[in-house]
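What follows is one structure encoded as structure tokens, with my remarks underneath.
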Amino acid sequence: MLNQPESLISLLIYFVFFGLIGARRGWKKELFVFVLAFASYWGLLQFQGRLAFLINTGGNYILSGFPSDQEGLLAVFEAPPLISAAYRDTFIFLLWAVILFGLYYVGDLIFKKNAGRSVFLGFLAGIANGL
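Mapping of the sequence shown onto my numbering: position 114 corresponds to residue 101, and the numbering continues sequentially without gaps.
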């Protein structure tokens, strides 16, 4: 990578961009987002099979009109999945992206305007979030 100056320049621009966002928002907000984004992504990866099963079963139950008899419930489990195995990783990533945007919003609500205004720490936390 060091022999490719365009890659190095792109990486520096990337670091500066996310670092400036972190410096502007404050290190507490950025650390909050970093920790919970990492934990949520890890959790989604660990439980993606169960989550897909719950969404497929629940979605088919709703689409079937909330059946209560045995035949209707059997049809729910035999229906084709809403999230197939081929698209499970894409769905998990999109769900994580929604969670990530929500974390940025919640971080702004939880922390005060001037919480953690150390510019250097905010810059470093912003770079960590960018990775």
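Glycine included, every Cβ here is placed at the ideal spot set by N, Cα and C.
Around the beta carbon of Ile114, 16 or more other beta carbons lie within 10 angstroms, which makes this residue buried. Contact check for Phe110 against Gly45 fails: the beta carbons are separated by 8 angstroms or more.
Unbroken beta strand (DSSP E) stretches of 3 residues or longer found wholly inside the segment -7 to 34: none. Annotation note: the segment 41 to 109 contains the following uninterrupted alpha helix (DSSP H) runs of length 4 or greater, listed N- to C-terminal: 57 to 65 and 75 to 97. If you compare the alpha carbons of Leu50, Ala24, Leu7 and Ser55 with that of Leu81, the shortest gap goes to Ala24. When the Cα atoms are used, Ala112 and Leu60 turn out to be separated by approximately 49 angstroms. When the beta-carbon positions are compared, Ala66 and Pro54 stay at least 8 angstroms from each other. Linking Ile(-4) to Phe2 through their CA atoms gives a straight-line distance of about 10 angstroms.
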